[in-house]
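Novice: For reference, the structure I am asking about is given below.
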Amino acid sequence: MRALAPLLLPLLASAAAPLRPSPPASRDTHLCRKPALPIAAPPLRLRGGSAAAASPLADYSHASLASLIVSRGGWLAVFLLSLSLTSLVMSSFEHTLAQQIELAYFVPLLIGHGGNAGGQTVGAVLGALSAGQVRQADWAAVLVKEALAGLGAGSLACVAVLPLLLAMQISRHVSAAILITMPTLTVMASALGAALPFAVAAMGGDPSVIAAPAMTTLVDVGGLLAYFLIARLVFAVFGKKMGDAPADAKKGH
Numbered sequence: 001m002r003a004l005a006p007l008l009l010p011l012l013a014s015a016a017a018p019l020r021p022s023p024p025a026s027r028d029t030h031l032c033r034k035p036a037l038p039i040a041a042p043p044l045r046l047r048g049g050s051a052a053a054a055s056p057l058a059d060y061s062h063a064s065l066a067s068l069i070v071s072r073g074g075w076l077a078v079f080l081l082s083l084s085l086t087s088l089v090m091s092s093f094e095h096t097l098a099q100q101i102e103l104a105y106f107v108p109l110l111i112g113h114g115g116n117a118g119g120q121t122v123g124a125v126l127g128a129l130s131a132g133q134v135r136q137a138d139w140a141a142v143l144v145k146e147a148l149a150g151l152g153a154g155s156l157a158c159v160a161v162l163p164l165l166l167a168m169q170i171s172r173h174v175s176a177a178i179l180i181t182m183p184t185l186t187v188m189a190s191a192l193g194a195a196l197p198f199a200v201a202a203m204g205g206d207p208s209v210i211a212a213p214a215m216t217t218l219v220d221v222g223g224l225l226a227y228f229l230i231a232r233l234v235f236a237v238f239g240k241k242m243g244d245a246p247a248d249a250k251k252g253h
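For the sequence shown, position 165 (counting from the first letter as 1) is numbered 165 according to the working numbering, and the numbering increases by one without interruption.
Next up, the structure:
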């Protein structure tokens with residue numbers, strides 16, 4: 001036993017010693033090991049104090065057919081009456097179209113392109129608002145961002161439509177008017193598509209019902225007016241006279 005004492009004493013001493021506290025875990029380790037608490041996903045809501053519905057999907061699933069007709073039909077009627085302004089614009093430039101019939105060929109193309117560009121922007125902004133990615137206070141930054149995106153997209157559209165102008169042998173002054181109008185119209189449509197959801201939500205309306213048709217109406221009327229005004233300026237640069245009635249039209253009157 002005396003011979004084993006030197007070997008056993010250190011073992012007994014270490015066993016009797018108090019356990020040392022383990023070093024505290026770092027903050028990152030503690031956070032990583034902390035169990036995640038289940039958090040219920042908040043309902044979709046347009047931030048910034050708007051009066052939009054808490055959950056568009058839930059509201060739609062419980063909406064009756066009559067309420068959908070009333071809520072949409074009224075606004076569609078208003079915008080339909082507003083679209084009558086396009087007839088006023090066309091009649092104001094009747095003599096211009098009579099002199100330069102090539103301008104009329106591209107009215108549907110330009111107006112349709114503006115509606116497509118604005119529709120893309122409205123959808124993107126509504127999705128960002130519903131997901132909480134942007135707030136009402138971010139409207140200016142979103143407006144500038146979408147306008148610049150519209151300028152780039154409109155420039156690319158010019159490259160796409162240029163072969164069509166060459167294939168149709170459109171005159172240079174009309175081609176120049178179209179190529180200038182296209183990016184201008186895209187910027188206008190993108191800016192309206194970005195601004196209208198914020199404006200409608202700030203006024204307590206439903207952007208999903210109002211923003212898109214309002215954008216389409218404004219782009220149709222404003223785009224048509226911009227097209228003819230730009231054409232008038234471009235034609236003046238090329239030495240083409242516009243705005244006067246043709247000789248046969250004057251004789252008829």
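Even for Gly, the Cβ is constructed at its ideal location relative to N, Cα and C.
Starting from the C-beta of ALA149, find all residues in its chain whose C-beta is less than 7 angstroms away, skip the five residues before and the five after it, and write them out in chain order.
Specialist: Counting only Cβ-Cβ distances below 7 angstroms, and skipping sequence neighbours, we find SER190.
Novice: What span of residues does the alpha helix (DSSP H) with LYS240 cover, start to end?
Specialist: Unbroken run through LYS240: none, as it is neither H nor E.
Novice: Would you grab the beta carbon distance between GLY205 and VAL125 for me? Rounded to a whole angstrom, and I think it's under 8 angstroms.
Specialist: With a Cβ gap of about 15 angstroms, GLY205 and VAL125 do not count as contacting.
Novice: Return the chain-ordered list of same chain residues with a C-beta closer than 7 angstroms to the C-beta of ALA36, the five sequence neighbours on each side being excluded.
Specialist: With a pLDDT of only 47 at ALA36, under 50, the local geometry of the prediction cannot be trusted, and no value is derived from it.
Novice: Measuring CB atoms only, is the region 223–236 touching the region 87–104, in the sense that at least three cross pairs come out at less than 8 angstroms?
Specialist: Taking 8 angstroms as the limit for Cβ pairs, the verdict is that the region 87–104 does touch the region 223–236.
Novice: PRO213 and LEU76: beta carbons closer than 9 angstroms?
Specialist: Against a cut-off of 9 angstroms, the Cβ pair of LEU76 and PRO213 comes out as a contact.
Novice: Would DSSP call HIS253 helix, strand or coil?
Specialist: With a pLDDT of 40 at HIS253, under the threshold of 50, the modelled position of that residue is not reliable, and the figure given next carries that caveat. Reduced to three states, the DSSP call for HIS253 is coil.
Novice: Could you compute how far the alpha carbon of LEU162 sits from the alpha carbon of LEU179?
Specialist: For LEU162 and LEU179, the distance between alpha carbons rounds to 8 angstroms.
Novice: Please report the residue range of the alpha helix (DSSP H) in which PHE106 lies.
Specialist: Careful: PHE106 lies outside any alpha helix (DSSP H) and carries neither H nor E.
Novice: Going straight from the alpha carbon of ARG45 to that of ARG135, what length do you get?
Specialist: Note on ARG45: pLDDT 43, under 50, position unreliable in the model; the coordinate value appears next. Going by the C-alpha atoms only, they are around 10 angstroms apart.
Novice: Smallest Cα separation from SER119: which of MET188, ARG232, PRO108?
Specialist: It is Gly, not Ser, that sits at residue 119 in the sequence shown. It is MET188 whose Cα lies nearest to the Cα of GLY119.
Novice: Are PHE235 and GLN100 closer than 9 angstroms when you measure CB to CB?
Specialist: Yes, they are a contact pair.
Novice: Could you spell out where the alpha helix (DSSP H) holding ARG135 opens and where it closes?
Specialist: No alpha helix (DSSP H) contains ARG135, which DSSP labels as neither H nor E.
Novice: Hey, is MET90's beta-carbon within less than 9 angstroms of any beta-carbon in chain C?
Specialist: The structure shown contains no chain C; it is built from a single protein chain.
Novice: Leaving out five residues on either side along the sequence, give the residues of the same chain with a beta carbon under 8 angstroms from the beta carbon of CYS158.
Specialist: Only LEU179, MET182, PRO183 meet the Cβ criterion.
Novice: Among LYS240, PHE106, THR86, ALA141, which one has its Cα closest to the Cα of ILE170?
Specialist: The residue with the shortest Cα to Cα distance from ILE170 is PHE106.
Novice: State the CB to CB distance for the pair LEU185 and LEU110, rounded to an integer number of angstroms; the pair is presumed to be in contact (CB under 8 angstroms).
Specialist: Contact flag correct, Cβ pair sits at about 6 angstroms.
Novice: Within its chain, find whatever has a CB closer than 6 angstroms to the CB of PHE238; leave out the 5 residues flanking it on each side and keep chain order.
Specialist: Excluding sequence neighbours, PHE238 sits near HIS173.
Novice: Helix, strand or coil: which one does DSSP assign to SER84?
Specialist: DSSP places SER84 in coil when its eight states are reduced to three.
Novice: Are the CB atoms of MET215 and THR86 nearer to each other than 9 angstroms?
Specialist: Contact flag unset, no.
Novice: What residue range does the alpha helix (DSSP H) around ALA191 cover?
Specialist: Per DSSP, ALA191 belongs to the alpha helix (DSSP H) from 172–202.
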